[in-house]
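So the sequence shown is numbered by the working numbering: it starts at 6 and just counts up by one. Heads up, the beta-carbon is just placed ideally off N, CA and C, and yes, glycines get one too. Fair warning: this is a prediction, and the values are worked out from it, not measured in the lab.
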Amino acid sequence: MNYGEIHVLDLDTIDLSNLNRQFLFRQKDIKASKALTAVKAVQHMNHASKLVAHHGNIMDTKQFPLSFFQGFDMIFNALDNLEARMYVNKVCLFTKVPLMESGTTGLQGQVQPIYPYLTECFACVPKSTPKAFPVCTIRSTPSKPVHCVTWAKNFLFPQLFGPGSSDLIPTKGQNEDDDEDDDETKNSLQEANELIELKFSIVRAAEDLGDSPDYSFVDSIITKIFTEDILRLLRMENLWTSRSKPTPLNYSEYSLVIKNLEDSGLIEDVKLSDQKIGSILENLQTFVKSTIRLTKRLRLEKEIYFDKDDQDALEFVSSSSNLRSYIFDIPLKTEFEVKQIAGNIIPAVATTNAIMAGFSALSSIHYFISGKNSHVAAEASRMVYDSSVPERFVNTSKLAEPNKNCKQCSIVRGIANLDIGTLTLSKFRQQLIEKYHYEDDVAIATSDSRLLYDFDFEDNLERPLKDFIRDGDVLLVSDSEEILDHIELLISDHEGEEIRLPDLTIPPFREQQEEEEEGEEDDEIVAELGNSDGIVILDEEENPLKRSNEETDESSPIKKRKIDNLVVLD
Ligand SMILES: Nc1ncnc2c1ncn2[C@@H]1O[C@H](COP(=O)(O)OP(=O)(O)OP(=O)(O)O)[C@@H](O)[C@H]1O
Ligand SMILES: [Zn+2]
């Protein structure tokens, strides 16, 4: 089958660790763009499709504006993170482009064809988030290796080399026990302040590490983190009534050996096997080595973010989490194991990936052979997933209808074309009121609930939209009278263009819901089901939304469609 034009997109470059399962890549391709290399590798195969590669982040609206998405008949997701998947899902709802969503974890996998507003979207079923631990467990009372790795990766590393970490500094009310809460909050704040001091010592050291470097700042870090902080925890006796107490590190036992290594300049040559559990001395040596190397890097890099494939960062996290484990009498881990824990790595299986990619392609055929009819394809397509039943490796199920409570599917939305550089908030507000027939006023907020305007917050009115949003951002508009529904407008920036507010897309199931509720009475709402893509678009002739800027009809088609808990404005 000829797909016409296929665009392949990925933000990453090829790593050695990809070669075992990503068959299009070879050793020589390491560090090259995945998308470009994949396209090059299959270009010569016998097919009639034109292949185009893009190296970039799908969420980058400059490189991939809305018009990019609108250019496709179908989008295939094979992403590995929730943020990007949710983003593509949302854009597909705005643009109504069908989405073939897929994913694998180890031996499990699934393919979900999504026909916007006709079938469940990616957000319709809540997704489980990665396992979270209480802050106090990570900060004060670890009991498993993963607690220590999380502390090293999410707290210590960003505090010393990155942008800091506020989410692991507890605020009141996070502990079940109130007494623990007070003591812990105070303790953690003090620890955090001291770490800021250490960060300064690192920055100073980074400037001074010359021919005869002074590494005493590393001793201060070790003493603070592995001895003094633990002594302070021990003083909080209520923490230890039903737990075994930690044992602070006695650094003086090791400091001489470390100093000799530093003086002889051999410290940076220390290398422990990644498959072997190191002794305390070896972990200390690795800690000192990686701290020195990361500090030197800070001369060129402003901030360093943890990346499991960054050897210095991995050695720092591995050694510091092991030293903490030792203090809390928790089993130590090899560097390889720490890498798996820190990188949330679930082994990827080439066969599962291949099977799911195959089903993705097969499933899309329903859409193409039906002449791109979403209704027919939605009826014919199946969700495919691995099966836990022995002797039956895959299972299928009919596609479910959108979840009526889905925060994505249940929203009235549209795409607004405008020039964010020149359009002021005031003009935008005025146009909204005219176009959608708000009776009084609106409130306008960003998608992360930052209020830009409402009737008693007018400070921003004369500022252009570009001061608050970028191309591709979503704005939330709500009716100050709370009669009309909240709406979501995706902003598509077009320099020099007059503002064009869209006719809104109303999810079909909400239309049916309201018809059932309101019976025949409501002749204000004029809507039509069953146009080619199944989306309810308000009728051209009779609906005021279609007649932009004309005040010929006082009624509004989005009247009374009120969804609770959608927008939190403050
Ligand atoms: N926002 C994004 N834009 C473009 N590509 C993305 C985005 N987020 C993730 N990806 C890509 O999605 C792909 C997911 O693939 P997968 O998890 O199978 O392999 P991988 O990430 O190469 O494996 P590993 O994590 O072991 O390196 C990756 O190639 C990743 O670069
Ligand atoms: Zn949904």
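Selection from the options that minimises the alpha carbon distance to residue i
i: Asn465; options: Asp478, Ala450 and Asp476; result: Ala450
i: Val96; options: Phe222, Phe69, Thr300 and Gln115; result: Phe69
i: Gln117; options: Asn255, Tyr92 and Leu404; result: Leu404
i: Met79; options: Ile370, Gln115, Thr427 and Ser392; result: Ile370
i: Thr291; options: Trp245, Gln316 and Arg304; result: Gln316
i: Phe462; options: Glu384, Leu470, Ala448 and Pro469; result: Ala448
i: Val482; options: His499, Ser454, Arg505 and Thr296; result: Ser454
i: Phe398; options: Gln115, Glu242, Asp234 and Glu306; result: Gln115
i: Gln32; options: Pro218, Val47 and Leu21; result: Leu21
i: Asp508; options: Asp478, Ala421 and Lys39; result: Ala421
i: Phe127; options: Gln345, Cys411 and Ala382; result: Cys411
i: Tyr331; options: Val389, Phe231 and Asp65; result: Phe231
i: Ser392; options: Ser325, Ile492, Ile438 and Thr401; result: Thr401
i: Ser579; options: His380, Met388, Asn349 and Glu444; result: Not covered by the structure: residue 579. The range shown for the chain is 6 to 575.
i: Leu41; options: Ala58, Gln48 and Arg26; result: Ala58
i: Leu587; options: Pro218, Asp234 and Thr155; result: What is shown of the chain runs 6 to 575, which leaves residue 587 out entirely.
i: Asp314; options: Tyr256, Ile63, Pro251 and Gln345; result: Gln345
i: Val93; options: Ser72, Ile63 and Gln75; result: Ile63
i: His380; options: Ser452, Glu500 and Lys101; result: Lys101
i: Gly363; options: Met50, Glu106 and Leu24; result: Glu106
i: Leu489; options: Lys440, Tyr458 and Glu258; result: Lys440
i: Val293; options: Ser324, Gly169 and Ser269; result: Ser324
i: Trp245; options: Ser148, Glu258 and Thr300; result: Ser148
i: Ile504; options: Gln436, Arg468, Asp445 and Asp446; result: Gln436
i: Ile491; options: Arg468, Gln413 and Thr190; result: Just to set this straight, residue 491 is His in the shown sequence, not Ile. That would be Gln413, whose Cα lies nearest to the Cα of His491.
i: Asp213; options: Thr190, Thr300 and Phe160; result: Thr300
Separation of residue j from residue i, as counted between CA atoms
i: Ile11; j: Arg302; result: 41 Å
i: Pro163; j: Ile309; result: 8 Å
i: Ala210; j: Tyr220; result: 8 Å
i: Glu320; j: Cys153; result: 14 Å
i: Val13; j: Leu203; result: 45 Å
i: Pro150; j: Ile143; result: 10 Å
i: Ile207; j: Phe222; result: 7 Å
i: Glu88; j: Thr18; result: 19 Å
i: Ser249; j: Asp498; result: 59 Å
i: His60; j: Asp334; result: 46 Å
i: Gly9; j: Lys132; result: 34 Å
i: Met91; j: Val479; result: 14 Å
i: Asp15; j: Phe30; result: 14 Å
i: Cys82; j: Phe205; result: Checking the sequence, you will find Asn at residue 82 rather than Cys. Straight-line Cα distance between these residues: approximately 43 Å.
i: Leu200; j: Leu165; result: 7 Å
i: Glu486; j: Tyr443; result: 8 Å
i: Glu521; j: Ile511; result: 16 Å
i: Leu104; j: Ile285; result: 51 Å
i: Asn408; j: Val130; result: 8 Å
i: Asn554; j: Ile119; result: Residue placement at Asn554 is flagged as unreliable, the pLDDT there being 33, under the threshold of 50; a coordinate-derived value is accordingly withheld.
i: Gly76; j: Phe138; result: 43 Å
i: Ala353; j: Asn86; result: 14 Å
i: Leu24; j: Lys36; result: 12 Å
i: Phe311; j: Gly167; result: 8 Å
i: Gly426; j: Arg434; result: 16 Å
i: Asn192; j: Leu271; result: 37 Å
i: Met361; j: Gly283; result: 40 Å
i: Glu406; j: Ser452; result: 25 Å
i: Asp424; j: Asp459; result: 22 Å
i: Asn243; j: Tyr256; result: 26 Å
i: Ser560; j: Leu98; result: Note that Ser560 scores a pLDDT of 39, beneath 50, so its modelled location is shaky; the value from the coordinates is reported in the next line. Their Cα atoms are separated by approximately 27 Å.
i: Leu428; j: Ala382; result: 41 Å
Beta-carbon separation (whole angstroms), residue i vs residue j, contact threshold 8 Å
i: Leu494; j: Leu430; result: Between Leu430 and Leu494 the Cβ distance is about 13 Å, and since that is not below 8 Å, they are no contact.
i: Leu328; j: Leu236; result: Not a contact, Cβ separation roughly 15 Å.
i: Ile496; j: Asp472; result: The Cβ separation is near 13 Å, so there is no contact.
i: Val576; j: Lys55; result: Lying outside 6 to 575, the shown extent of the chain, residue 576 is not represented and no answer is given.
i: Glu273; j: Arg298; result: 7 Å
i: Pro251; j: Leu238; result: 7 Å
heavy atom of ligand 4 below 8 Å from residue i C-beta
i: Glu88; result: Within the structure as shown, ligand 4 is missing, the only ligands being ligand 1 and ligand 2.
Counting only runs that start and end within the region 424-459, where is the beta strand (DSSP E) found for 3 or more residues in a row?
447-451 and 456-458
Take every Cβ of the region 335-342, pair it with every Cβ of the region 275-282, and state whether three or more of those distances are shorter than 8 Å.
yes
Under 8 Å: do the region 109-129 and the region 352-369 share three or more Cβ pairs, one atom per stretch?
yes
Decide yes or no for the touch test of the region 122-129 against the region 363-375: beta carbon pairs closer than 8 Å, at least 3 of them.
no
With contact counted as at least three CB pairs below 8 Å, one residue from each stretch, are the region 503-517 and the region 410-422 in contact?
yes
Quick test of the definition: if touching needs 3 or more C-beta pairs under 8 Å, does the region 249-263 touch the region 224-233?
yes
Go through the region 291-360 residue by residue and report every complete run of the alpha helix (DSSP H) that reaches 4 residues or more, in order.
316-332 and 340-347
Please list the segments of the alpha helix (DSSP H) lying wholly inside the region 91-149, counting only runs of 4 or more residues, in order along the chain.
140-144
Going residue by residue through the region 212-284, where are the continuous alpha helix (DSSP H) segments of at least 4 residues, counting only ones entirely within it?
221-227, 234-240 and 257-268
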